[in-house]
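Trainee: Chains A and B supply the protein sequences, listed in that same order. If you want the numbering used here, it's the position in the first sequence, counting the first as 1, plus 12. If you want the numbering used here, it's the position in the second sequence, counting the first as 1, plus 77. We treat Cβ as the ideally placed atom computed from N, Cα and C, and that holds for glycine. Dumping the structure here so I can ask a few things about it.
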Amino acid sequence: MLKESPFHPRTSALMEGFAWRRWAGYTMASVYELTHEREYHAVRSSAALFDVTPLYKYLIRGRDAARLLDRIVTRDVAKSKVGQVLYTTWCDARGKVIDDGTVSRLDETTFRMTSADPSIRWLHLNASGLDCTIEDVSERIAALSLQGPLSRVILEQASEQDLSGLKYFRLTPAKISGVPVTISRTGYTGDLGYEIWVEAPRALPVWDALIDSGRGYGITPAGLLALDLVRNEAGLLLIDVDYISAHHALIESQMSTPYELSLGWTVALDKDRFNGRDALIAEKERGPAWRFMGVEVDWNALERLFADVGLPPKLPTTAWRASVPLYMGGVQVGYATSGCWSPLLKRYIALAHLEGPYGEPDTVVEMEVTVEHRRKRAGATVRALPFFNPPRKRA
Amino acid sequence: MSTTWDAIIIGGGHNGLVTAAYLARAGKKVLVLERRHLVGGAAVTEEIFPGFKYSVFSYVVSLLRPEIIRDLDLPRHGLEILPLESTVTPLDNGDYLAAWGDPDKTRREIARHSLRDAEAMTEFGRLMHHMAQAVKPILAMMPPDPTSLSPRDLAGLLRFGRHFRDLGQERFHALYKLMTMSSADYLDEWFETDALKATKSASGIIGTFLGPRSPGTAYVLLHHYMGEIDGSFRAWGFAKGGTGAISESIAGAARRFGAEIRTEAGVSKILVRRGGTSGVVLENGEEVRARVVVSSLDPHRTFLQLVGDEHLPDEFVSDIRRYKFRGSSGKVNLALGELPNFTCLPGMGPHLRGAMSISPSIDYLERAYDDAKYGEFSRAPYMDIIIPSMIDPGMAPPGKHVMSIFVQYAPYNVTGGWTDAKRDAFGDAVVETLSHYAPNIKQAILHRQVVTPADIERTTGLTEGNIFQGELSLHQLFFLRPAPSWAQYRSPIRRLYQCGAGTHPGGGIMGASGRLAALRILSDGR
């Protein structure tokens, strides 16, 4: 049996069409209603509530906790302030990305790290000689993500706390229904949003309080289909879809450096020592071979291809995850790894790896599309990420 | 007073704004003049009662052309269309008929009423998809003048002819039926469930002074099927922030391209000298000069009021005088302290996020029309109801709601005229009818706004309160809209153009008239 999240008694009651899927060994909802439209729109127009319990979570404590994390991740953990959350990658010795996640500084010597893959072994391997404890709290801590323009007002009511001072990528302790929680202003949607971290045995009342407070604000429990659409709009990459972990890759060319994923901003080369530093210094000087960019398929080109066979353009209704070639002048110059029709932006967008020189925004390329079983190429334009970046995200 | 504009757009409704945005995008110096304090025309959101936002007139969106959304990048300016997934028709016996967002759920629901209809739905949907696809290119087409020998018109006619030839026999016949039949007869060929036919045929009477059994209404039905959202036809949505947000987004795009929009600047006269226009005179007496004047107002207002018949050919004047408006619909907007509790589906179910249609039978609709034929509003009217706050919680304070009720029939020429007492009586009839299906509605009402065709005319300027700027009847469509030989956005006055829904392809928040007018102006080298 797959594991059930502490919120399962609530989420399973909402499930209309048995649309479950696996996430890190848990049974999680793809979509609660029969279609995902409303759940998707809630993220952008009111507030959506996601169960993100399956994230791996580690508590690192002790005098050398910051030093341990600084050996592993690419961001500068020592410089982070209490209450700050860092989004970061971590690499192997060759500078190839193993995983991406967050590091939260709960107090001077206590950190919580989240990751998409299990990381306890990697943490221990790097901890030799350091004075700190590492605890896997993945199952002990449940997590909810409340995302959307009305998430703040709902959370303020549920926590009876003013959150206007809580900045982007900061966290605060709070209480919801008398249950102690941590609220971080983070998420995987590129919108205004928060994640709520709570001890698993006391998690259910938190769900109930959020739903109660959110009723007048259109709060909508949402599944992974909706999340996959919004993360495309937000240009947020997904491990083993948009890049392959250096711990999973079978051949060198499957691996990426942070620079190749356009995540160079997360690499603090001025830190004195961390995994992959030398390789990354060299790569920065050389310039990365790849860039991770947005691609927008030209509507008129798509419409023409379909009109040739007498059809209106067929748009994907959910996000796809596949490797789709990108061309310029008949030569392959990259590949898209995720894409969707954005119902919000009314654009066909994709996340893509492009060989260095072709990764400049506004470069015109072609993307392979299948029209009535035949492979065609539709004009497309390279775009900077994210596609959608509302001011409210940071405001 | 020294500025001369490249183009003045009279009226800041959605079509006027679309024309302005396209002209400004082409580098023209554009001024929009709007009489009211806000842009939008009949697509406005107003806080009539504190805390509650009403889409006062037009209330849903589907027909807005996708190419306009793309060309003007409206999402960047705040356009956000939320899905409106279901339609529920309460029946007089306490049951209901529903169409849900999910096809399986809908099929099972209709099968409760008729197994045959449940299967016919799929086939009907496919045919209507083909019909909408057949008509879609026409929406983006400048109507060719069949009596003209100009190369452009001949090429247009040829394209038009080829398009229909390519449809194939079966679809051409279906289209011909749609163009000529009544919606009731057309639907009779497909379905047996009365409430199903009634609810579908309602799309054929909206904005039209005809009943479901009147020939010509099948075309209006098709007009409402042409809407598409993300490539799927017949998809209706609700604009976040109400329909005013659509207008605001187009205005935002126009401004970004450099257009200037002036509100509280009503136009009293279009200046005409030696057969051409040179600008307009505002209600405050100010003269504003422009090389081109574009009117988004309806043909009556543009030609008979702002130009004046002394400047126009007699034949054209009589065509415009004969052009039919006949407003037939009203609107009731409610602020609610609690949600309506429908007897047929008690409680707070998903049906409250979709449309509720008061159309229990074809006879019910036809009877509603009977009242109107003889100068009365319908005592038991057809109503299309949505609760915008269920879709966009920002439309009302938390826990409270707004309800938008489109009502037909409310004839413009009601016996005795639209007095305050008549308006109240009309509002009462609507609430009374609704309370038959949702008994708690009366006690839930915190505020009521009743909009009659006379109110629509007074507030928006739409002659006789016709929501389409003139009826969508065959003799007023395509190369005859608004008048023969003047269906290509030009007018008998040089450099005076038309861009409102009184031109092809007509009403609804579509923007096609505005866009085609702009393209015509640009291709004329203005």
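1) Relative to chain B, which residues along the stretch 42-69 of chain A have a C-beta separation below 7 Å, given in chain order?
2) Quick one: Cα of G288/A to Cα of C103/A, how far?
3) Taking all protein chains shown into account, decide if I87/B is buried (16 or more other Cβ within 10 angstroms of its Cβ) or exposed.
4) Can you tell which of D83/B, P470/B and R153/B has its C-alpha closest to the C-alpha of Y229/A?
5) According to the Cβ coordinates, are M379/A and V321/A closer than 9 Å?
6) Buried or exposed for D497/B, going by 16 or more other Cβ atoms inside 10 Å?
7) Looking at the C-beta of P458/B, does it have a partner C-beta in chain A at a distance below 9 Å?
8) Listing by chain order, which chain A residues have their CB less than 7 Å from the CB of K317/B?
9) Check whether chain A comes within 9 Å of K130/B, counting only Cβ atoms and requiring the distance to be less than that.
10) Determine, using beta carbons only, whether I145/B and G588/B come nearer to each other than 9 Å.
11) Using a Cβ-Cβ cut-off of 9 Å, state whether G67/B counts as contacting chain A.
12) How many angstroms separate the CA atom of P488/B from the CA atom of G284/B?
13) Any idea what DSSP makes of D497/B, helix, strand or coil?
14) In chain A, what lies closer than 7 Å to D676/B by C-beta?
15) Buried or exposed for T100/A, please, with buried defined as at least 16 other CB atoms from any protein chain shown within 10 angstroms of its CB.
16) Is it buried or exposed for V344/B, if we count other Cβ within 10 angstroms and need 16 for buried?
17) Which runs of the alpha helix (DSSP H) at least 4 residues long sit entirely within the stretch 204-278 of chain A? Give them in chain order.
18) With distances taken between CB atoms, is the gap from Y206/A to M125/A smaller than 9 Å?
19) How do the stretch 204-221 of chain B and the stretch 460-468 of chain B stand: do at least 3 beta-carbon pairs fall below 8 Å, yes or no?
20) Quick check: the Cα distance between V349/B and V336/A, rounded to an integer number of angstroms?
21) In whole angstroms, what separates the C-alpha of T537/B from that of S372/B?
22) Could you tell me whether the Cβ of Q210/B comes closer than 9 Å to any Cβ of chain A?
23) Just verifying my parser: in three-state terms, what is the DSSP assignment at N92/B?
24) R60/A by DSSP, collapsed to three states: which one?
25) Got a sec: which bits of the stretch 229-262 of chain B sit with their beta carbon under 8 Å from any beta carbon on chain A, in order along the chain?
26) Check whether chain B comes within 9 Å of W219/A, counting only Cβ atoms and requiring the distance to be less than that.
27) Ignoring anything shorter than 3 residues, give me the beta strand (DSSP E) runs that lie fully in the stretch 347-393 of chain B, in order along the chain.
28) Between P417/B and chain A, is there a C-beta pair that is closer than 9 Å?
29) Short check: CB of L175/A to CB of S58/A, under 9 Å?
30) Quick check: the stretch 219-230 of chain B against the stretch 555-563 of chain B, are at least 3 beta-carbon pairs closer than 8 Å?
31) Taking a Cβ distance cut-off of 7 Å, strictly less, list which residues of the stretch 300-321 of chain A are near chain B, in chain order.
32) Would DSSP call W35/A helix, strand or coil?
33) Here's the rule: buried if 16 or more other CB atoms are within 10 angstroms of the residue's CB, otherwise exposed. What is G247/A?
34) Going along chain B in order, which residues have a C-beta closer than 9 Å to the C-beta of G205/A?
35) Which same chain residues, not among the five before or five after W177/B, have their C-beta less than 7 Å away from its C-beta?
36) If the cut-off is 7 Å on Cβ atoms, which residues from the stretch 223-239 of chain A count as contacting chain B, listed in chain order?
Mentor: For this structure:
1) The stretch 42-69 of chain A vs chain B, Cβ under 7 Å: L46, T47, E49, R50, H53, R56, S57 and S58.
2) 6 Å
3) Per the 10 Å Cβ criterion, buried.
4) P470/B
5) No, the Cβ-Cβ distance between M379/A and V321/A is not below 9 Å.
6) exposed
7) no
8) S57
9) no
10) yes
11) With chain B represented from 78 up to 603, any question about residue 67/B goes unanswered, as that position is not in the structure.
12) 10 Å
13) helix
14) This structure does not reach residue 676/B, given that chain B is present from 78 up to 603, and the question cannot be answered.
15) buried
16) Counting the other Cβ atoms within 10 Å of the Cβ of V344/B gives 16 or more, which makes it buried.
17) 216-226 and 236-245
18) no
19) no
20) 60 Å
21) Rounded to the nearest angstrom, the two C-alpha atoms are 14 Å apart.
22) yes
23) helix
24) One point to set straight first is that residue 60/A is Ala, not Arg, in the sequence displayed. Strand, per DSSP.
25) none
26) no
27) 353-359 and 364-372
28) no
29) no
30) yes
31) W311
32) strand
33) buried
34) Near G205/A there are no residues of chain B at all, since even the closest Cβ is about 17 Å away, more than 9 Å.
35) Around W177/B: E162, S163, T183 and E186.
36) G228, Y229 and G230
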